[in-house]
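Residue numbers (our numbering): 1 to 493.
Glycine included, C-beta positions come from ideal geometry on N, C-alpha and C.
I have placed the structure first, in the form of structure tokens, so that the comments after it can refer back to it.
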């Protein structure tokens, strides 16, 4: 399926509906639908709501697919959907059995002519997305959906939504609640979403009046986040003194080495850095003056950003190991991607430190609301959506923005602030920092790909093109090579 942008431009300007019909809603079809949505929003000038509407579109399409699968399953089991007792009996095993043999049931629903139609239609200043499937929603299913909508009215925070016990056996569970909260986030009323029946079809519809969209930050937890960032102390005096020494052109290397030696942990970090695979030295270095010469002033300065950050956060917050483990892997990947593809020695240090510090903001969210972050990560992995979207919805800021606030508070250089702020949205960065941001973004994406949190299709195409990566196989080979090198390097420490 190849996107026809000229066709989308024509139907947008002519207010003609564009209909996509599918029987199985394959992964390729889902990707194609998202490309269509992005093309419509580009024509309409509203790409900033693409992530939110992509989630809503996927939720409605997948729910329609599940509804069709349910009909095929109940027919196979000779159960009556309209009979309350038989309905409850079938739902006990529906999810488990269909997931174990999904291709069989998808083929069954195709044989039975059970389709899903997705319709995109612009009417004046309103954008409509309609999902139709040719089975009528039962009374019990409809009540369940309306119950979810009613519950969402009462929620004042994302935590309440995740904490509410919702029935996972149905397609319309927590996902519908999040959909309503997404609409609220855009400044829209819940009646922008509707579900009804007409001539044997169930019709789920989104009506987006662009004049009503207000992308404002929610204040659910915003003030708490800002207070937490404000409460973070400045860097310790010894690090500030070192920063001043490095900035002073009259400083001697011996003076800098002497100041470093007063901090045993910083000394250990410096020696660990200079003896790492990053420098590939023929013999081990244990002299601080020699280490400073090899690392260079910029390298020492960047080491101070990393060391100072970890010192403050590890003292203030507990159990940061998993975050730092991920950060060091990302930094290693970023550094070696830069060496292989960008080949600009003057930004290697910035890229490495950007990789280490990119997830600063996650610490704040995890500390204030640890269960919330875990649930966001789990939900987003299941739904294949960016975590930053639900973080925005939950706390008013995503972790990248929170991290950038901290970096600015500590007077980090612009390129590091950009790497932290845009490591999920690389195309938003200033072109002067594109090499640093793109590399940190791709390194982080590779670690997410390893953990099966994202797919190849979800990685930014501009970044992939910039690195000359066109296929899943090519990216997989790069990831496997980096993973092997990282594990070998880690085994030496």
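From 297, 150, 91, 22, residue whose alpha carbon lies closest to that of residue 112: Along the chain shown, one-based indexing puts residue 112 at 112. Per the C-alpha coordinates, the member of 297, 150, 91, 22 positioned closest to residue 112 is 22.
C-beta atoms of residue 423 and residue 404 nearer than 7 Å: Against the chain shown, residue 423 aligns to sequence position 423. Against the chain shown, residue 404 aligns to sequence position 404. No. Outside cutoff.
Taking just the CA atoms, how far does residue 9 sit from residue 40? Here residue 40 corresponds to residue number 40 of the chain shown, with the count starting at 1. Here residue 9 corresponds to residue number 9 of the chain shown, with the count starting at 1. So the two alpha carbons sit approximately 8 Å from each other.
Is it buried or exposed for residue 185, if we count other Cβ within 10 angstroms and need 16 for buried? Residue 185 sits at position 185 when you count from the first residue of the chain shown. Per the 10 Å Cβ criterion, buried.
C-beta atoms of residue 90 and residue 79 nearer than 7 Å: Translated into positions along the chain shown, residue 90 becomes position 90. Translated into positions along the chain shown, residue 79 becomes position 79. Annotated as proximal: residue 90 and residue 79, with beta-carbon spacing under 7 Å.
With a CB to CB cut of under 6 Å and the five nearest residues on each side skipped, what residues in its chain are close to residue 418? In the chain shown, counting from the first residue as 1, residue 418 sits at position 418. The beta carbon of residue 418 is closer than 6 Å to those of 429, 433, 437 in its chain, skipping five residues each way along the sequence.
I'd like the span of the alpha helix (DSSP H) that includes residue 29, first residue to last. Your numbering for residue 29 matches position 29 in the chain shown. Residue 29 -> alpha helix (DSSP H) spans 27-44.
Bounding residues of the beta strand (DSSP E) (the contiguous stretch that carries residue 2): For the purposes of this step, residue 2 is taken as the residue at position 2 of the chain shown. No beta strand (DSSP E) holds residue 2; DSSP gives it neither H nor E.
Residue 99 (DSSP reduced to helix, strand or coil): Counted from its first residue, the chain shown places residue 99 at position 99. Here DSSP, grouped into helix, strand and coil, assigns residue 99 to helix.
Taking the alpha-carbon of residue 119 as reference, which of 57, 332, 316 has the nearest alpha-carbon? Here residue 119 refers to the residue found at position 119 when the chain shown is read from its first residue. Closest by alpha carbon: 57.
Which residues in the same chain have their Cβ closer than 7 Å to the Cβ of residue 12, if we skip the five residues on either side of it in sequence? Stepping through the chain shown from its first residue, residue 12 is reached at position 12. Residues of the same chain with a CB within less than 7 Å of the CB of residue 12, apart from the 5 flanking positions on each side, are 40, 43, 44, 122 in chain order.
Starting from residue 243, trace the alpha helix (DSSP H) in both directions and tell me its first and last residue. Residue mapping note: residue 243 aligns to position 243 of the chain shown, counting from 1. Its alpha helix (DSSP H) spans residues 237-247.
Cα-Cα separation between residue 143 and residue 150, rounded to whole angstroms: Numbered from its first residue, the chain shown carries residue 143 at position 143. Numbered from its first residue, the chain shown carries residue 150 at position 150. Computed Cα separation, rounded: 10 Å.
Secondary structure, alpha helix (DSSP H): runs of 4+ residues fully inside the segment 318-347: List check, alpha helix (DSSP H) in window: 321-337.
Is it the case that the segment 324-336 contacts the segment 347-354, given that we only count it when at least three CB pairs across the two stretches are under 8 Å? Contact check between the segment 347-354 and the segment 324-336: three or more CB pairs, one atom from each, fall below 8 Å, which counts as touching.
Heavy atom of the ligand FAD less than 6 Å from the Cβ of residue 239, yes or no? In the structure on display, the ligand FAD does not appear, and there are no ligands present to speak of.
Taking residue 542 as the reference, give the member of 183, 448, 408, 154 with the closest Cα. With the chain covering only 1 through 493, there is no way to say anything about residue 542.
Buried or exposed for residue 16, going by 16 or more other Cβ atoms inside 10 Å? One-based indexing of the chain shown puts residue 16 at position 16. Burial call: exposed.
Residue 508 versus residue 52 - alpha carbon distance: Because the chain here runs from 1 to 493, residue 508 falls outside it and cannot be looked at.
For the segment 287-294 and the segment 320-329, state whether three or more C-beta atom pairs, one from each stretch, are separated by less than 8 Å. Counting Cβ pairs under 8 Å, fewer than three are found: no touch.
Verify whether the separation of the beta carbon atoms of residue 229 and residue 454 is less than 7 Å. Residue numbering aside, residue 229 sits at position 229 when the chain shown is read from its first letter. Residue numbering aside, residue 454 sits at position 454 when the chain shown is read from its first letter. Going by C-beta atoms, residue 229 is not nearer than 7 Å to residue 454.
Can you give me the Cβ contacts of residue 442 inside the same chain, cut-off strictly under 7 Å, excluding the 5 residues immediately before and after it? In the chain shown, the residue the question calls residue 442 occupies position 442. Excluding sequence neighbours, residue 442 sits near 337, 463, 467.
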